[in-house]
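Novice: I'd like to ask some things about the structure below.
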Amino acid sequence: MVKCVISKIKYREEWQKEHLFKGWLCKAPASLISSGRGEAYCKSCRVPLRAQKHDLTKHVKTQMHIKNMESLNVKKQATLLSIGTANVNESLKLAEIKLVLNNAAHGSLKNIDHLCEMLKDIGKGSQLTKLRLHRTKCSKIILNVIAPGMLKELLDDLGEESYSILLDESIDVSTMKYMAYCIRYYSKKQKKIVTDFLGFNEVNEATAEKLFSDFEKFMNGLGLNINNLVGLGTDGAIAAKASEQLPSNIEFLLQNSRNWFAHSSLRLNTYHDLYAKMNAGKKPSKLVQLAPTRWLALAGAVTSNLKQWEELKHYFNLIKDSSSEKSYTAKSLAEVYNDDRNRLHLLFLNEKFGEITTMNLAFQAADADLTKLYSDLRCLLLSLARRIFQPSFLRPLVSDTSDATMLHQADIQTVQNALLKSKQAIDLAVENVDKDAIERQWRLLNTLRFHDINEKFDDNVKPIDFWIAVLDMRNSQGERSFEDLASFALRELSLPISNADIERAFSIMSIIKKHMLKLFDSKMYEVSAKNTVKANTVETADRLVESIDLIRYADDGEDNIYCQI
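Heads up, the sequence shown is in my numbering, so the first residue is 226 and it goes up one at a time.
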């Protein structure tokens with residue numbers, strides 16, 4: 226390499242301020258100057274140059290320099306000029322939180338960019354023109370305002386009341402499993418038994434010790450007193466055993482009959498033509514897909530198949546030997562439909578599924594009457610028993626408990642066990658409550674009539690409404706007359722009766738995760754599930770704004786972000 230001849234012209238610092246040389250020209254390092262390679266240096270091309278203006282101007286026009294400068298000419302984000310606190314208009318704050326809650330409930334963060342701009346255009350001349358809400362700010366409001374605000378509201382409402390926990394693990398196919406939690410307790414603020422989504426955590430190991438450790442860690446992280454836990458609801462004891470006794474060809478028929486038409490419009494049109502010819506131009510109803518987890522969902526599939534049994538039978542008999550199909554599944558389905566025993570099975574199941582599904586839905590109700598649930602369940606069991614067993618095998622119900630002979634024949638051990646269970650039920654009372662006081666209040670309550678407690682009460686009053694009214698009753702001194710007894714009853718009513726709420730939360734989370742919010746983190750899942758399960762967007766936003774004492778407004782030149790402190 227030929228070295229540059231050291232020029233007598235010295236490098237001038239003022240050249241760096243000229244427009245032509247600005248941004249890339251600087252003085253060469255001492256090592257390059259001492260080696261005689263030049264006193265000027267191009268930062269974009271990383272080459273030394275002679276300290277002569279003619280050479281520098283010539284270098285600017287080279288293809289290498291032009292290409293390097295284009296790669297460096299990238300628009301940068303504006304520098305943050307100032308940061309601090311400022312007062313935010315309350316109505317504007319409320320509007321932003323409502324919009325974020327709406328998007329969290331419906332799982333569409335991308336929509337907020339276009340929605341905000343559209344509202345600003347529609348609301349010209351109003352406060353809407355001041356809206357500055359995009360995806361980044363929306364996610365920050367969810368994480369820093371809504372999520373902690375909802376949790377704080379729930380914990381404040383719970384206080385030191387007793388509660389039950391419903392938990393279940395995720396059922397969606399994922400690389401990470403989750404354990405979700407719902408809490409059930411008596412809300413003094415709302416004056417009713419509330420079941421609310423509490424949150425979830427990741428599960429790495431499904432052993433009993435690890436699950437309990439994760440559960441304990443989750444509860445302590447929320448600040449919940451585990452000593453106030455009176456009930457735990459899981460689905461481990463409700464495994465579907467009855468469905469395992471069904472013939473395998475029944476499930477094969479229900480599943481593959483629907484799958485046969487699910488992905489082929491040609492097959493579906495052929496069947497529609499056949500059905501129309503057999504039913505004077507009518508259209509068939511859709512076959513119901515089997516649910517992968519709840520075997521009671523067979524009811525819809527059984528009913529839809531029975532309604533068009535003959536039509537499906539003729540269809541599969543026609544195509545089983547068709548040259549266009551040549552399917553083993555079609556031949557197998559034709560054999561199943563030709564066997565009248567399979568239809569008899571479905572007729573038997575269809576009648577029973579109606580009653581059982583009705584009972585199952587009753588247990589899933591949020592405000593179910595426990596006393597009526599027990600009565601309905603007892604009637605269902607006796608009804609099924611009378612249809613299956615002969616009357617001679619059914620033990621008659623004892624109607625006269627005063628019969629001395631029946632009492633002598635009773636197993637004394639059974640009586641002792643019943644007394645022991647009754648004795649343990651009183652443990653639901655808190656430790657510092659006089660249990661004798663509960664008994665005294667119970668005896669006093671028996672002297673009252675329904676209209677003495679509330680003029681609107683009759684024999685059909687719900688237990689929760691009854692005990693809330695009893696709790697609010699006061700004596701002449703203004704003290705609660707039945708506080709210990711009513712609190713004890715409300716703790717019993719807070720016990721879990723089904724895991725329907727936790728299943729709903731998982732269904733919502735699965736939909737959000739699969740179709741809408743693939744980039745959401747755990748906190749956003751929680752807010753979306755909680756807001757979709759129970760909360761009204763407008764009412765929730767109003768409560769959140771009232772519960773946040775101080776909201777910091779940080780202006781970064783693009784979006785303002787609330788941070789609860």
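For glycine and all other residues, C-beta sits at the position ideal for the given N, C-alpha and C.
Any idea if Thr354 is buried or exposed, counting beta-carbon neighbours within 10 angstroms, 16 or more meaning buried?
Specialist: Classification for Thr354: exposed.
Novice: To which residues does DSSP link Leu449 through a beta bridge?
Specialist: Partner(s): none; Leu449 has no beta bridge.
Novice: Starting from Glu394, trace the beta strand (DSSP E) in both directions and tell me its first and last residue.
Specialist: Taken as a continuous stretch (DSSP letters only), the beta strand (DSSP E) holding Glu394 covers Tyr388 to Glu394.
Novice: Excluding five sequence neighbours on each side, which residues of the same chain lie with their C-beta closer than 8 Å to the C-beta of Ala276?
Specialist: Same-chain partners within the cutoff: Ser232, Ile234, Lys235, Tyr236, Arg237, Gly263, Glu264 and Ala265.
Novice: Take every Cβ of the stretch 401-418, pair it with every Cβ of the stretch 476-484, and state whether three or more of those distances are shorter than 8 Å.
Specialist: No contact exists between the stretch 401-418 and the stretch 476-484.
Novice: Terminal residues of the continuous beta strand (DSSP E) containing Ala265?
Specialist: Unbroken beta strand (DSSP E) run through Ala265: Ala265 to Cys267.
Novice: Beta carbon of Tyr500, beta carbon of Glu536: below 7 Å?
Specialist: Yes, the pair counts as a contact, with Cβ atoms nearer than the cut-off.
Novice: Helix, strand or coil for Gln638? Go by DSSP, reduced to three states.
Specialist: Per-residue confidence for Gln638 stands at a pLDDT of 45, beneath the threshold of 50, marking its modelled position as unreliable; the derived number appears in the next sentence. Looking at Gln638 - three-state DSSP - the assignment turns out to be helix.
Novice: Take Ser269 and list the residues in its own chain whose beta-carbon comes closer than 7 Å to its own, dropping the five residues that flank it on each side.
Specialist: Only Trp249, His290, Asn293, Met294 and Leu297 meet the Cβ criterion.
Novice: Since Gly456 and Pro688 are thought to touch, with beta carbons under 8 Å apart, how far apart are those beta carbons, to the nearest angstrom?
Specialist: 16 Å between Cβ atoms; not a contact.
Novice: Looking only at DSSP bridge pairs, what is Thr420 linked to?
Specialist: DSSP output for Thr420 lists Arg409 as bridge partner(s).
Novice: If you measure between the beta carbons of Gln589 and Ser723, is that distance less than 7 Å?
Specialist: In this structure, Ser723 lies closer than 7 Å to Gln589 by Cβ.
Novice: Since I believe Ile371 is in contact with Ser719 (beta carbons under 8 Å), could you give me their beta-carbon distance rounded to a whole number of angstroms?
Specialist: So it is not a contact: roughly 26 Å between Cβ atoms.
Novice: Would you say Lys545 and Lys556 are within 7 Å of each other, going by their C-beta atoms?
Specialist: Yes; because the gap between Cβ atoms is below 7 Å, this pair is in contact.
Novice: Are three or more beta carbon pairs between the stretch 661-679 and the stretch 700-716 nearer than 8 Å?
Specialist: They touch, by the three-pair rule.
Novice: Taking the alpha carbon of Pro273 as the point to measure from, which residue in Lys252, Ala610 and Val695 has its own alpha carbon closest?
Specialist: Here the closest residue by C-alpha is Lys252.
Novice: Determine the direct distance from the alpha carbon of Ile367 to that of Cys341, and round the result to whole angstroms.
Specialist: Rounded to whole angstroms, Cys341 to Ile367 spans 16 Å at the Cα level.
Novice: Taking all protein chains shown into account, decide if Tyr599 is buried (16 or more other Cβ within 10 angstroms of its Cβ) or exposed.
Specialist: Exposed, since its Cβ has fewer than 16 Cβ neighbours within 10 Å.
Novice: May I have the straight-line CA-CA distance separating Leu245 from Gln288, to the nearest angstrom?
Specialist: Rounded to the nearest angstrom, the two C-alpha atoms are 16 Å apart.
Novice: Among Phe541, Gly525 and Tyr562, whose alpha-carbon lies nearest the alpha-carbon of Ile581?
Specialist: Checked all of Phe541, Gly525 and Tyr562; the closest Cα to Ile581 is Gly525.
Novice: Note down, in chain order, each residue of its chain lying with its Cβ closer than 8 Å to the Cβ of Glu441, except the 5 sequence neighbours on either side.
Specialist: Closer than 8 Å at Cβ, skipping near neighbours: Ile451.
Novice: Quick check on Ala255: buried or exposed, where buried means 16 or more other Cβ atoms within 10 Å of its Cβ?
Specialist: Ala255 should be labelled exposed.
Novice: Rounded C-beta distance between Asp565 and Met584? I'm assuming under 8 Å.
Specialist: Not a contact, Cβ separation roughly 30 Å.
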